[in-house]
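Asks: Protein sequence lines, in the order shown, are assigned to chains Y and W.
Taking the numbering used here as reference, the numbering of the first sequence is continuous, increasing by one, and the terminal residue is 279.
Taking the numbering used here as reference, the numbering of the second sequence is continuous, increasing by one, and the terminal residue is 279.
Ideal placement from N, C-alpha and C gives every residue a C-beta, glycine not left out.
Quick one: the structure is below, and I'll ask about it shortly.
There are 2 protein chains.
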Amino acid sequence: MTSATEVWVNGRLEPAVPAIDRGLAYGDGVFETLAVLDGEPLDLDLHLARLKRGLDRLGIGNVPLASLRAELCSRAAGHARAALKLIVTRGAGSRGYRVPAAAQPTRIVMLLDWPEYPSHYYEDGISAVVCRLRLGLNPALAGIKHLNRLEQVLARREWNDEHQEGLLMDSEGCVIEGVMSNVFLVRDKTLLTPDLARAGVEGIVREKLLARAPQLGIDVRVQALRMEDVSQAQGAFFCNSLIGLWPVRSLGGIRYPVPPLVRRLVPEFVPGLAAGRNS
Amino acid sequence: MTSATEVWVNGRLEPAVPAIDRGLAYGDGVFETLAVLDGEPLDLDLHLARLKRGLDRLGIGNVPLASLRAELCSRAAGHARAALKLIVTRGAGSRGYRVPAAAQPTRIVMLLDWPEYPSHYYEDGISAVVCRLRLGLNPALAGIKHLNRLEQVLARREWNDEHQEGLLMDSEGCVIEGVMSNVFLVRDKTLLTPDLARAGVEGIVREKLLARAPQLGIDVRVQALRMEDVSQAQGAFFCNSLIGLWPVRSLGGIRYPVPPLVRRLVPEFVPGLAAGRNS
Chain Y
1 MTSATEVWVN GRLEPAVPAI DRGLAYGDGV FETLAVLDGE PLDLDLHLAR LKRGLDRLGI
61 GNVPLASLRA ELCSRAAGHA RAALKLIVTR GAGSRGYRVP AAAQPTRIVM LLDWPEYPSH
121 YYEDGISAVV CRLRLGLNPA LAGIKHLNRL EQVLARREWN DEHQEGLLMD SEGCVIEGVM
181 SNVFLVRDKT LLTPDLARAG VEGIVREKLL ARAPQLGIDV RVQALRMEDV SQAQGAFFCN
241 SLIGLWPVRS LGGIRYPVPP LVRRLVPEFV PGLAAGRNS
Chain W
1 MTSATEVWVN GRLEPAVPAI DRGLAYGDGV FETLAVLDGE PLDLDLHLAR LKRGLDRLGI
61 GNVPLASLRA ELCSRAAGHA RAALKLIVTR GAGSRGYRVP AAAQPTRIVM LLDWPEYPSH
121 YYEDGISAVV CRLRLGLNPA LAGIKHLNRL EQVLARREWN DEHQEGLLMD SEGCVIEGVM
181 SNVFLVRDKT LLTPDLARAG VEGIVREKLL ARAPQLGIDV RVQALRMEDV SQAQGAFFCN
241 SLIGLWPVRS LGGIRYPVPP LVRRLVPEFV PGLAAGRNS
């Protein structure tokens, strides 16, 4: 857990939100977590684009994205390393699922300490559990980073310190993602990652990797994956905006090497690693 | 939508919660909505028991139920008709799905205006739509009234004023519930209501009805139901703690009479109706 150092609500330094906010009542909103490096939020365009996709999906309008961008840049300024968490909810609403006609979105920006991870996570890989909890299928919510995260909270309770991540399947047994990250498998020099049309979050590092793989001469395929694919893989990794990319050395008892392909990707996708900050 | 007249957070008259509350970040908590009649919260034991089941399922401890009970009674006192909404979250948490070791639950109590419904809803029945949105399956979350309600928010956006409720199916096509209520079908003088082991909320009126039906000489069965069962039914109704019991006159274009069996149940399960308040 990272502790919040400062919190702004609708642009004001202010640690509280109205108890009648629909973000609290129903999880009616979306969020983003951004790495801050040398005073700048990383991948800001991609994060704001995903935020917008989520807001559109939920039908939350009236979010001033240009001023949100300016605010995130201003909060990041002067911080060598930090994390920013942004929450946008539908706003106040009291009781009843029906969306109020005059809802005014609430935006919350938190500046957080940078989570430091041991360098051996990046060199030797991490250990992950296969979670018993299965994700429900919901195409209307799949892909976006909404505030309904009880599945992740319950899944995270399946281990303590003995693992660094957990692998989640959906209710039909398809592999979907890590509890806090996306997952990729390595098979015959090809990267495989689950299709997220019915469950899961489309992560920003995943998106970057899908876009960048062709330039790196790496084949990558988005497809349905099952546990057989996991056990037959020659390597695996998890990725998100704060961890970057964690090779996997153990997943549900299966041992993996860190293939050269994955070793190549680590410096490309770990924020600040190229500058030696994680070494 | 009902507007909140007063809000207490952890027992203090206070309209805001910390922005780092996990209720907001992840929907990490549960809620109850209670009818208040003649200064008393109705079915308080049943609501607190369901709250406790939800807290246990999520692993949220340290909730002082006795003082919560006393608080709800005290908030209700002096109000002839009102609604109480209670939210209990895991408490503050900043970032990360992992549950903080020292989490202190947040409890929020809202006193709300009583929602008045037209008397013809109870006499002639209401109109309901069959929602396109399908509920994801998750046995770990099914039954409890948790704060992850985006499915209901999205489903409620499928109609405006032309209907009073929407019927939800799960991702496998089983009928589960209304957007804000439970559903019962009438077939050959038997009541049928969906099994909620994989999706849905176990409502308090549903629970009372299941317990009371034998005393009323009514057969009731909890089972898997599909749209064929809906179209073959001789009647249907929705129920929750605030509406009581709404007979259905139209559901996805199917017209129903209000069977005598349902007419009998209305005064039993509509708060305050016996005293003529809804007539």
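Please report the straight-line C-alpha distance between residue 201 of chain Y and residue 64 of chain W, rounded to a whole angstrom.
Replies: Using only the alpha carbons, I get a separation of about 36 Å.
Asks: Less than 8 Å between CB atoms is the rule here; does residue 81 of chain Y satisfy it with respect to chain W?
Replies: Taking Cβ atoms only, chain W never reaches closer than 8 Å to residue 81 of chain Y, which makes this a no.
Asks: Determine the DSSP secondary structure at residue 234 of chain W, reduced to helix, strand or coil.
Replies: The answer is coil: DSSP assigns residue 234 of chain W none of H, G, I, E or B.
Asks: Would you kindly report the start and end of the unbroken alpha helix (DSSP H) that includes residue 173 of chain Y?
Replies: Here residue 173 of chain Y belongs to no alpha helix (DSSP H), and DSSP marks it neither H nor E.
Asks: Between residue 260 of chain W and residue 272 of chain W, what straight-line distance do the alpha-carbon atoms span, to the nearest angstrom?
Replies: Each residue's alpha carbon lies about 20 Å from the other.
Asks: Give the residues of chain Y in contact with residue 63 of chain W, contact being defined as C-beta atoms less than 8 Å apart.
Replies: Correct list: empty, because the minimum Cβ distance to chain Y is about 17 Å.
Asks: Taking CB distances under 8 Å as the criterion, tell me whether residue 20 of chain Y reaches chain W.
Replies: Closer than 8 Å to some Cβ of chain W, the Cβ of residue 20 of chain Y qualifies, so yes.
Asks: Starting from the beta carbon of residue 28 of chain Y, find every residue of chain W whose beta carbon is closer than 7 Å, and list them in chain order.
Replies: Under the 7 Å cutoff, chain W gives 150, 153.
Asks: DSSP three-state label for residue 278 of chain W, please.
Replies: Any reading at residue 278 of chain W is ruled out, since the residue's pLDDT is 42, under 50, leaving its predicted position unreliable.
Asks: Could you check which residue in W:221, W:195, W:187 has the C-alpha nearest to that of residue 257 of chain W?
Replies: The shortest C-alpha separation from residue 257 of chain W is found at W:187.
Asks: Would you mind reading off the limits of the alpha helix (DSSP H) that contains residue 267 of chain Y?
Replies: From DSSP, the alpha helix (DSSP H) with residue 267 of chain Y extends over 260–269.
Asks: Which residues in chain W have a C-beta closer than 7 Å to the C-beta of residue 146 of chain Y? List them in chain order.
Replies: Per Cβ cutoff of 7 Å: 150.
Asks: Identify every residue that forms a DSSP beta bridge with residue 178 of chain Y.
Replies: Y:167.
Asks: Specify whether the region 117–128 of chain W and the region 247–254 of chain W touch according to this definition: at least 3 beta carbon pairs, one from each stretch, less than 8 Å apart.
Replies: Judged by Cβ distances under 8 Å, the region 117–128 of chain W makes contact with the region 247–254 of chain W, as three or more pairs qualify.
Asks: Pull the bridge partners of residue 82 of chain Y from the DSSP assignment, please.
Replies: Looking at the DSSP assignment, residue 82 of chain Y forms a beta bridge with Y:36.
Asks: Whole angstroms are fine: how far does the CA of residue 13 of chain W sit from the CA of residue 86 of chain W?
Replies: Cα to Cα, residue 86 of chain W sits roughly 14 Å from residue 13 of chain W.
Asks: Going by DSSP in three states, residue 205 of chain Y sits in which element: helix, strand or coil?
Replies: Three-state DSSP puts residue 205 of chain Y in a helix.
Asks: Go through its chain and collect everything with a Cβ distance to residue 69 of chain Y's Cβ below 7 Å, but skip five positions before and after it.
Replies: The answer, listed in chain order, is 44, 48.
Asks: May I ask you to report which of helix, strand or coil DSSP gives residue 107 of chain Y?
Replies: It is a strand residue.
Asks: Do residue 153 of chain Y and residue 83 of chain Y have their C-beta atoms closer together than 8 Å?
Replies: Against a cut-off of 8 Å, the Cβ pair of residue 83 of chain Y and residue 153 of chain Y comes out as no contact.
Asks: Out of curiosity, what's the CA-to-CA distance linking residue 233 of chain Y and residue 191 of chain W?
Replies: Residue 233 of chain Y and residue 191 of chain W: Cα-Cα distance of roughly 51 Å.
Asks: Under 8 Å Cβ to Cβ from residue 133 of chain Y, same chain only, skipping five residues before and after it: list those, please.
Replies: Closer than 8 Å at the Cβ level, and outside the excluded window around residue 133 of chain Y, lie 151, 154, 155, 158, 168.
Asks: Put residue 63 of chain Y into one of helix, strand or coil per three-state DSSP.
Replies: Residue 63 of chain Y falls in the coil class under three-state DSSP.
Asks: Can you name, in chain order, every residue of its own chain whose Cβ lies under 8 Å from the Cβ of residue 140 of chain W, other than the five neighbours on each side?
Replies: Closer than 8 Å at the Cβ level, and outside the excluded window around residue 140 of chain W, lie 57.
Asks: Output the distance between the C-alpha atoms of residue 5 of chain Y and residue 117 of chain Y, rounded to the nearest integer angstrom.
Replies: Looking at the two C-alpha atoms, the distance is approximately 19 Å.
Asks: Classify residue 209 of chain Y as buried or exposed, calling it buried when 16 or more other Cβ atoms lie within 10 Å of its own Cβ.
Replies: Result: buried.
Asks: Give the range of the alpha helix (DSSP H) segment to which residue 152 of chain W is assigned.
Replies: It spans 150–156 - the alpha helix (DSSP H) in which residue 152 of chain W sits, taken as one unbroken run.
Asks: Among all the DSSP beta bridges, which residues are the ones paired with residue 185 of chain Y?
Replies: Answer by DSSP bridge pairing, in chain order: Y:192, Y:236.
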